[in-house]
Amino acid sequence: MSKSHRSNPMLLALLTAVLSPLSALAAGSQDTGLAAVQALMDQGQYSRAQARISQLLERTQSGQSRTDLLFEAERMRRIQLDFTLHEKDLLSAIQGYIPDATAGDIAAWKRDQLLEYKVIDGERRYFRKVAYNLVHISDAAARRSNDYRLYSENPPLYALHRHHLEIINADTPVRRRFRVRYRLSVNPDAVPAGETIRAWIPFPKELPGRQENITLLQSSPKHHQLAPAQQPQRTIYFEQQAVAGEPTRFEVSYAFDSIAAYTRIDAEKVTPRDSLPQSVQPYLQEREPHIRFTPEMVALSKRIAGDEKNPYRIAQRLFAFVDAIPWAGAREYSTIRNISRYAAEAGHADCGQQTLLLITLMRLNGIPARWQSGWEFSPTAFDTMHDWGEFYLAPYGWMPMDVTHGKLGGGDSSADWFYLGGLDAYRLIFNSDYSRPLVPPKQHFRSETVDSQRGEVEWHGDNLYFDQWDYQLDWELLEQQ
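Residue numbers (the numbering used here): 855 to 1335.
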């Protein structure tokens, strides 16, 4: 999130005017197949959807249709892990952040659609982060919270910082060198003793001018398989046998250089879409399920861009619009069928959701855009998983964009748009794209179907989801230039 963006009446009015609610897939669908299952899920009829899946699987023995059905069953299971808060527990959960909250407040927040929920087999169940998110998306709620600081008020680089000015004023690229230690621990008896556990841990990509001099320092187990440097979602792969009653641990440490980027963009020098090279054409296209040019998204794009023709100024309008969407803690991405649409309609979004929405809107306006993600650090002790992206303008080429950091403010107007064309040097990049195959390939569904920041774990029997293992990333600044 950037600054103190929360519930924005003008933004919500625009979204309401342009975007229709998520429609039930039941309308016009046949009573067979994937669409019928998804329609039942959208209606909250999970038991009926599961029964329908079981019926269909009896006569669908192989192929993509079977895989799709199995994943919808898994999606329902994951949704229920995310939506764990029952109605009777809602008020006490919110009082943990807003001690004087009342039942009347709950009713008002429901009317304002500030409490994310799912109806599952007739029961309303709330997102497990709903209380935490409330004080991020509502100014009024936040004012009633005791000494509560927003997520974006903790890390220093979400407002104008001397590090930004260092980058802007530097004669040569600003560089930082980091050492990282990553540990992944599978719960005891998550798989039967003697079975082989397969683990993929994210590993930094070599990106000239952005991330260089990557050195693998140590790994446990020692034997590993490192994905090629050009792999869009790069990992280091391990195998280890499970021992009864004991956690199964994997560890890797490495060092790397992170290099800041900054471009002074002159809108008058930016050339139109018809001058773009062929190499960037894939980044102007739809990519289902999360980058779709639906009629609603096209209408939203037109409303934001208006009659502006200059690609950079359009990019600024799109960036500012998405930046104004309040940040909030996210559901697992695998539970959302179309993330860019979710970001536009939910009234809040996290970094990856904001980025996918911005990518979609930019592509709709003839501006090539693509994904990038990994981890962000800071000049203090702050760190977190993070997603951002890149966009292309001729004659400048590919440049970073981080809409979650957004417009900086801070009294220096020349630095406002730093994160539309620039990036700080406190980054760890694992991914240059999303939803791409791992090396070696997984046999089972991924826990994270979009990003790759925590890792993936499985055994021959099944995937191991996030509730079956833990992870820890520790970092240290070694030197700066």
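For each residue, glycine too, the CB sits at the ideal point set by N, CA and C.
Remember, predicted model here, so these are calculated numbers, not experimental data.
From the DSSP output, in three-state form, read off residue i for me.
i     : result
Y1325 : strand
Q1095 : strand
T1189 : helix
I1145 : strand
E1199 : helix
R1023 : Per the sequence shown, residue 1023 should be read as Asn rather than Arg. Helix.
H1240 : strand
P1042 : coil
I952  : coil
H1283 : Looking at the sequence provided, one finds Ile at residue 1283 rather than His. Strand at I1283.
E1150 : helix
E1333 : strand
R1064 : coil
G958  : helix
L1318 : strand
I1179 : coil
Q1072 : strand
S1301 : coil
P875  : At P875, the pLDDT of 36 sits below 50, so the modelled position is not reliable; the number obtained from the coordinates is stated separately. Residue state, collapsed to three classes: coil.
I1221 : coil
L924  : helix
T1209 : helix
H1078 : coil
V891  : helix
G882  : Confidence at G882 is low in this model, with a pLDDT of 35, below 50, so the placement of that residue should be treated as unreliable; the coordinate-derived value is given next. Of the three classes helix, strand and coil, the one that applies to G882 here is coil, per DSSP.
Q967  : coil
K857  : Here K857 scores only 47 on pLDDT, less than 50, and its place in the model is too uncertain to base an answer on.
R1308 : coil
Give the straight-line distance between the Cα atoms of residue i and residue j, rounded to the nearest whole angstrom.
i     : j     : result
D1177 : Y1250 : 23 Å
L1011 : L1218 : 30 Å
K942  : G1201 : 24 Å
S1370 : E1060 : The requested residue 1370 is not part of the displayed model; the chain covers only 855 to 1335.
H1078 : A889  : 41 Å
A1203 : D1111 : 30 Å
P1075 : V1134 : 40 Å
K1296 : A996  : 43 Å
Q1170 : S1107 : 39 Å
T1209 : R1281 : 16 Å
I1119 : P1233 : 26 Å
T921  : F1104 : 30 Å
Y1036 : P1101 : 16 Å
Q1132 : P1222 : 11 Å
P1291 : V1304 : 10 Å
R929  : L1327 : 27 Å
G1309 : L1130 : 36 Å
Q1072 : L1038 : 14 Å
Y1325 : Q1065 : 23 Å
H1259 : A1013 : 8 Å
N1192 : I1145 : 7 Å
V1257 : G887  : 38 Å
G1265 : R1016 : 13 Å
R1195 : L939  : 25 Å
I952  : S1289 : 38 Å
D1316 : Q915  : 18 Å
V891  : Q904  : 8 Å
S999  : N1008 : 16 Å
Please look up how many angstroms separate the CB atoms of residue i and residue j, rounded, as I've assumed it's under 8 Å.
i     : j     : result
A1269 : L1262 : 5 Å
M1239 : W1229 : 6 Å
A800  : E1049 : Only positions 855 to 1335 of the chain appear in this structure, which leaves residue 800 out of reach.
A1279 : V1028 : 5 Å
W1323 : V1040 : 4 Å
I948  : A957  : With a Cβ gap of about 11 Å, I948 and A957 do not count as contacting.
L935  : L923  : Their Cβ separation, rounded to whole angstroms, is 20 Å, which puts L935 and L923 out of contact at 8 Å.
T806  : A1109 : Absent from the model: residue 806. The displayed extent of the chain is 855 to 1335, so no value can be given.
F981  : R1185 : 6 Å
Q1085 : V1311 : Not quite, the Cβ-Cβ distance comes to about 19 Å (not below 8 Å), so this is no contact.
Answer yes or no: the CB of residue i versus the heavy atoms of the ligand ZN, is any distance below 8 Å?
i     : result
G1063 : Judged by which ligands are present, the structure shown has none, so any question about the ligand ZN falls away.
With C-beta atoms as the reference, is residue i less than 9 Å away from residue j?
i     : j     : result
E1244 : A1198 : no
W1329 : D1237 : yes
L1318 : S1301 : yes
P1056 : R1088 : yes
F1032 : L1331 : yes
L1215 : L1172 : yes
W1271 : R1052 : no
I1090 : A1081 : yes
Y900  : D975  : yes
A1121 : Y1166 : yes
R906  : T1189 : no
Complete beta strand (DSSP E) runs within the segment 973–1015 (minimum length 3 residues, chain order)
977–980
Residue ranges of each beta strand (DSSP E) run of no fewer than 3 residues wholly in the segment 1084–1135, ordered along the chain?
1089–1095, 1102–1113
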